[in-house]
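The listed protein sequences correspond, in order, to chains A and B. In terms of the working numbering, the first sequence has 282 at position 282, counting the first letter as 1, and numbering is strictly consecutive. To convert, take the position in the second sequence, counting from 1, and add 1000; that gives the working numbering. These notes are about the structure you will find just below.
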Amino acid sequence: MTDDKPGSVLGAGSAEGGSPNETAGSPSSAGGTGGDGRSAPQPTAPAATKGGGLRLDVRLTGLFAVLVLLCVVGYLTRPDAFLTEGNLSTILRLAAAIGVVSVGMTFVITTAGIDLSVGSMVALASVWMTTVATQSYGVGVMVLCALLVGLGAGLVNGLLIAYGRVVPFIATLAMMVAARGLAERISGRQTQVIRETAFLDFFRGSFLGIPVLVWMFLLVFAAGWVLLNRTTFGRRTFAVGGNPEAARLAGINVKRHVAMVYGLAGLCCGIAAIMVAARTTSGASTNGLYYELDAIAAVVIGGTLLTGGRGSLLGTLIGVLIFTVLSNIFTLNNLETDIQNIAKGVIIVVAVLLQYRTMNHPRTT
Amino acid sequence: MSRQPLFARRRFLLGGTALGAGVVLSACTSNDVAQEAPQNVNVGAGDNAEPGPEVTIGFSAPAADHGWMAAMTAYARSQAEAFEDVTFTATEGTNDSSQQIAQIETLINDGVDVLVILPHDGAQLTSVGQQAMDAGIPVVNVDRVFDSPLAYRCWIGGDNYRMGVNAGDYIAEQMREQGKDDPVIAEVAGIDSLPLTQERSQGFADALARHGFEVSHRVAAEFTVESGERQTSNLLQSASSLDALWNHDDDQGIGVLAAIENAGRDEFIMVGGAGSLDMMDRIESGESVVKATVLYSPSMCASAISLARLLGQAKGLGDMAEHEIPASITTYSAVVTSDNVAEYRDVGFAS
């Protein structure tokens, strides 16, 4: 990250209230192609701010079309099974945990970072919350434990990256290896079955006919959306990702913000760990395997730029749903997983190509 | 500057909270549950059970990264402890073939009498097996077979194909008993790219075909609880009604059962694979959809230690006419049902 001195931030503190409005707009249009975007942000600022918001902008329509197309294929191939209440609920339930992880990942990638450790943090939190000792304290402590472990691991990432100046790829790679190692150490590589029935009854239950896991996902998504698009925190996230130096000059404590964003990603992993533990009725060091890849894929096809400065949670949501629906359709049609992986790869490439086209289009006209 | 003390206080509070959270969390890592080490399954009888010449057995296995593999190492250790004439030297389990080779070379240099090797990758460790044999140290190769018979004196392992066959036969028999001529049969496999998964599935399909049945829904999980839950959730949506389901692996079976429970389904019978204590509990209770599990028991590792000891003492197997230990032993994939589960508890493992 950049070289900002904590002292200077204190001094510029009063400017914070006004400046983010400007900085919020600039990175979201600057992210695309290097230099020219950076010089022309001011006039487009209001439109760009909206672009990350509620309006289903051009970039997302292509992605949404892919999802609709998949659903049509699902319905045509299995009209008896695809659109049933049970199946839709299954799709959402399976999308929930990876969806929550992807919300955190969207924040991280928007700051031009990456978090490879999300899967391992899910494993660690799910193991830690299901040890015999944690379970003996009851459901409240189990939940708190998962959240604290996730937040703690995420903050370690954040501090290493922001203050230790370790590249995000390396810092989170280290956490990916170490957190899973610790999870294996704590669990003794055994599957820890949850005996605390209050936990299972609540998190495996339903509210108004919709699984609690899906409610949790919706809540996290809504909270994430508000945080990213309607608060100073969100504007700073865009600003830091678009141009950290400009963000620093605008009075943002870039280091602290980056650390908090990784902490947020860790917290999301803690929530996801609760969801995975509820789904599988157990904690295991193999939980959350390859979540980092699934989450990055969902975020990237959702239109968040790996170079930072632009992020769309709605796109991430559609991205997660596309992959979940895809594997559902493959199972419904009794197809093998190898074909599924090929299809996954094709979708990633097509979605990203589509985005580049639709993204460049408005600029040229 | 006037904000400084405020920050100091906030920092102190934050630090205190973090410290407190750390203390609370560290109290939560304790996992002391009465973990019974597997008892030695059978130390033999007659002359062979009598203490003989001292034997030093070197043991090398992959990392114990799942319940079954952990049980393999635990069985080897407890079996060795049961013999007073055996000195057991085990290396730290590793999934890195070059590291495992180095460990085995160390054991060879240490001059152990017999080696028991469960290779992470049979092909890659063939040369070091042969190196040991050339040095005059007999090698007992467990489960994952070396490429060349020159690399081992005796191989003992499980039978993946017969696991599938026995699961298929059991399910077919149950379907006949229930009078179902055209049953809907599902299969939750393990990692599809592994030969062991392919052999299990082949055996299952072959056995069902013999009875005129076939697998109508099949998914492949990854031997993890989570993948088992995910794949089975989708599978159950695909088949609105099932008659039977075979799950290849009891470790992932916890997830498979979580999915079944979540979908509120109980119209079918389920058969497990490998033989975990958890599944045996469910079979015994009779209330679960799990009616049987097909063994691929880690107790083979205990037998490998017994074989290694007899090799070191130049003895044969008691009940066989041959003077020597056989070159190859395949364990049987027995079907554990509520009728015989009590007898098989001693070879179950904690998943």
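Where a beta carbon is used, it is the ideal one built from N, C-alpha and C, also for glycine. Keep in mind it's a predicted model, so treat the numbers as computed, not measured.
Determine the burial state of Ile-342 of chain A: buried for a count of at least 16 other Cβ atoms within 10 Å of its Cβ, exposed for fewer.
Mapped onto the first sequence, residue 342 of chain A falls at position 342. That one is exposed.
Which residues of the region 1088 to 1114 of chain B have a Cβ closer than 9 Å to any Cβ of chain A? Give them in chain order.
When CB distances to chain A are screened at a threshold of 9 Å, not a single residue of the region 1088 to 1114 of chain B falls below it.
From Leu-70 of chain A to Val-1256 of chain B, what does the alpha carbon distance come to, in whole angstroms?
Counted from its first residue, the first sequence places residue 70 of chain A at position 70. Counted from its first residue, the second sequence places residue 1256 of chain B at position 256. Going by the C-alpha atoms only, they are around 26 Å apart.
Quick test of your reading: Leu-1317 of chain B and Val-1114 of chain B, contact by CB under 8 Å. State the CB separation rounded to the nearest angstrom.
Position 317 of the second sequence, counted from the first residue, corresponds to residue 1317 of chain B. Position 114 of the second sequence, counted from the first residue, corresponds to residue 1114 of chain B. Not quite, the Cβ-Cβ distance comes to about 15 Å (not below 8 Å), so this is no contact.
Proximal chain E residues relative to Gln-1131 of chain B, where beta-carbon distance stays under 9 Å
Note that chain E does not occur in the displayed structure, where the protein chains are A and B.
DSSP-derived helix/strand/coil call for His-257 of chain A:
Indexing the first sequence from 1 puts residue 257 of chain A at position 257. Reduced to three states, the DSSP call for His-257 of chain A is helix.
Gly-113 of chain A to Phe-323 of chain A span [Cα, whole Å]
As a first step, residue 113 of chain A is located in the first sequence; it is residue number 113 there, counting from the start. As a first step, residue 323 of chain A is located in the first sequence; it is residue number 323 there, counting from the start. If I take the Cα positions, the gap works out to 23 Å.
Any beta carbon of chain B sitting closer than 8 Å to that of Trp-215 of chain A?
Looking up residue 215 of chain A in the first sequence gives position 215. The C-beta of Trp-215 of chain A comes no closer than 8 Å to any C-beta of chain B.
For Thr-1073 of chain B, which residues in chain A fall below 8 Å Cβ to Cβ?
In the second sequence, residue 1073 of chain B corresponds to position 73, counting from 1. What Thr-1073 of chain B touches in chain A: nothing, since even the nearest Cβ is about 10 Å away.
Presumed contact (8 Å Cβ cut-off) between Ala-278 of chain A and Phe-207 of chain A, rounded CB distance
Looking up residue 278 of chain A in the first sequence gives position 278. Looking up residue 207 of chain A in the first sequence gives position 207. With a Cβ gap of about 14 Å, Ala-278 of chain A and Phe-207 of chain A do not count as contacting.
Given that Thr-971 of chain B touches chain A, what residues does it touch there, using C-beta distances under 8 Å?
This structure gives no information on residue 971 of chain B, because the portion of chain B shown stretches from 1001 to 1351.
Residues in the same chain with beta-carbon distance under 8 Å from Val-214 of chain A, minus the five sequence neighbours each way, listed in chain order, please.
For the purposes of this step, residue 214 of chain A is identified with residue 214 of the first sequence, where counting begins at 1. Around Val-214 of chain A: Ser-89, Leu-92, Arg-93 and Ala-96.
May I ask you to list, following chain order, the residues of the region 319 to 332 of chain A that have a beta carbon less than 7 Å from some beta carbon of chain B?
Contacts with chain B (Cβ-Cβ distance below 7 Å) from the region 319 to 332 of chain A involve Ser-327, Asn-328, Thr-331 and Leu-332, listed in chain order.
Spatial neighbours of Leu-332 of chain A within its chain, please: CB distance less than 6 Å, with the 5 preceding and 5 following residues excluded, ordered by chain position.
Counted from its first residue, the first sequence places residue 332 of chain A at position 332. Correct list, in chain order: Arg-78 and Ala-81.
Classify His-1323 of chain B as buried or exposed, calling it buried when 16 or more other Cβ atoms lie within 10 Å of its own Cβ.
If you number the second sequence from 1, residue 1323 of chain B lands on position 323. Exposed.
With which residues is Trp-225 of chain A paired in a DSSP beta bridge?
Here residue 225 of chain A corresponds to residue number 225 of the first sequence, with the count starting at 1. Beta-bridge partners of Trp-225 of chain A (DSSP): none assigned.
Contact set between Ile-1254 of chain B and chain A, taken where Cβ atoms lie within less than 9 Å
Along the second sequence, read from residue 1 onward, the residue named residue 1254 of chain B stands at position 254. Neighbours of Ile-1254 of chain B on chain A, chain order: Thr-191, Val-193, Thr-280, Thr-281, Ser-282 and Ala-284.
Quick check on Asn-1048 of chain B - is its C-beta less than 8 Å from some C-beta in chain A?
Reading the second sequence from its first residue, position 48 is the one you call residue 1048 of chain B. It does not: the Cβ of Asn-1048 of chain B has no partner Cβ on chain A nearer than 8 Å.
Using the beta-carbon of each residue, which ones in chain B are nearer than 7 Å to Thr-90 of chain A?
Locating residue 90 of chain A in the first sequence gives position 90, counting from the first residue. Ser-1233, Asn-1234 and Gln-1237, listed in chain order.
CB contact check: Glu-184 of chain A to chain B, cutoff 8 Å:
Reading the first sequence from its first residue, position 184 is the one you call residue 184 of chain A. At least one chain B Cβ lies under 8 Å of Glu-184 of chain A.
Is there a Cβ of chain B sitting closer than 8 Å to that of Thr-307 of chain A, yes or no?
Start at 1 with the first residue of the first sequence, and residue 307 of chain A comes out as number 307. False, the Cβ-Cβ gap to chain B never drops below 8 Å.
Residue environment, Phe-169 of chain A, which counts as buried when at least 16 other CB atoms sit within 10 Å:
In the first sequence, residue 169 of chain A corresponds to position 169, counting from 1. Label assigned to Phe-169 of chain A: exposed.
Could you name the residues that DSSP lists as bridge partners for Leu-1295 of chain B?
Reading the second sequence from its first residue, position 295 is the one you call residue 1295 of chain B. Answer is B:Ala-1274.
Give the residues of chain B in contact with Cys-145 of chain A, contact being defined as C-beta atoms less than 9 Å apart.
Walking along the first sequence from the start, residue 145 of chain A turns up at place 145. Residues of chain B passing the Cβ test: Val-1024, Leu-1025 and Cys-1028.
When we look at the beta-carbon of Glu-292 of chain A and count the other beta-carbons within 10 Å, is it buried (16 or more) or exposed?
Position 292 of the first sequence, counted from the first residue, corresponds to residue 292 of chain A. Buried: at least 16 other Cβ atoms inside 10 Å.
Please confirm whether Val-258 of chain A has its beta-carbon closer than 8 Å to some beta-carbon of chain B.
To locate residue 258 of chain A, count along the first sequence from 1; it is residue 258. No - not a single Cβ of chain B is within 8 Å of the one on Val-258 of chain A.
Does DSSP put Thr-33 of chain A in a helix, in a strand, or in coil?
As a first step, residue 33 of chain A must be located in the first sequence, where it is residue number 33. The predicted model places Thr-33 of chain A with a pLDDT of 38, which falls under 50 and marks its position as unreliable; any figure quoted below should be read in that light. The answer is coil: DSSP assigns Thr-33 of chain A none of H, G, I, E or B.
If Ala-1186 of chain B sits next to Ser-1216 of chain B, beta carbons under 8 Å apart, how far is it from one beta carbon to the other, in whole angstroms?
Your numbering for residue 1186 of chain B matches position 186 in the second sequence. Your numbering for residue 1216 of chain B matches position 216 in the second sequence. About 7 Å separates the two Cβ atoms, so the contact holds.
Within a Cβ cutoff of 8 Å, which residues of the same chain sit near Tyr-1332 of chain B, ignoring the five residues on either side of it in sequence?
Taking the first residue of the second sequence as 1, we reach residue 1332 of chain B at position 332. Excluding residues within five positions, the ones whose Cβ falls inside 8 Å are Asp-1159, Arg-1162 and Leu-1295.
Tell me which residues share the same chain as Asp-1047 of chain B and place their Cβ nearer than 8 Å to its Cβ, disregarding the 5 neighbours each side in the sequence.
If you number the second sequence from 1, residue 1047 of chain B lands on position 47. Within the same chain, Lys-1315 and Gly-1318 come within 8 Å of Asp-1047 of chain B by CB-CB distance, once the 5 residues on both sides are set aside.
Going by C-alpha to C-alpha distance, which of A:Asp-115, A:Met-121, A:Leu-326 and A:Gly-188 sits closest to Val-166 of chain A?
Stepping through the first sequence from its first residue, residue 166 of chain A is reached at position 166. Of the candidates A:Asp-115, A:Met-121, A:Leu-326 and A:Gly-188, the one whose C-alpha sits nearest the C-alpha of Val-166 of chain A is A:Asp-115.
Counting only C-beta atoms, is Leu-76 of chain A closer than 8 Å to chain B at any point?
Locating residue 76 of chain A in the first sequence gives position 76, where the first residue counts as 1. For Leu-76 of chain A, the answer is no, since every Cβ of chain B falls outside 8 Å of its Cβ.
Arg-180 of chain A at chain B interface by Cβ criterion, 8 Å
The residue you call residue 180 of chain A lines up with position 180 of the first sequence. For Arg-180 of chain A, the answer is no, since every Cβ of chain B falls outside 8 Å of its Cβ.
Do the region 300 to 307 of chain A and the region 1203 to 1213 of chain B meet, that is, are 3 or more Cβ pairs less than 8 Å apart?
No contact exists between the region 300 to 307 of chain A and the region 1203 to 1213 of chain B.
Counting only runs of 4+ residues fully inside the region 265 to 349 of chain A, write out the alpha helix (DSSP H) ranges in chain order.
Counting only runs of 4 or more, we get 291 to 301 and 313 to 332.
Which bits of chain B does Asn-334 of chain A rub up against, with CB to CB less than 8 Å?
Looking up residue 334 of chain A in the first sequence gives position 334. Residues of chain B passing the Cβ test: Ser-1216, His-1217, Arg-1218 and Ser-1238.
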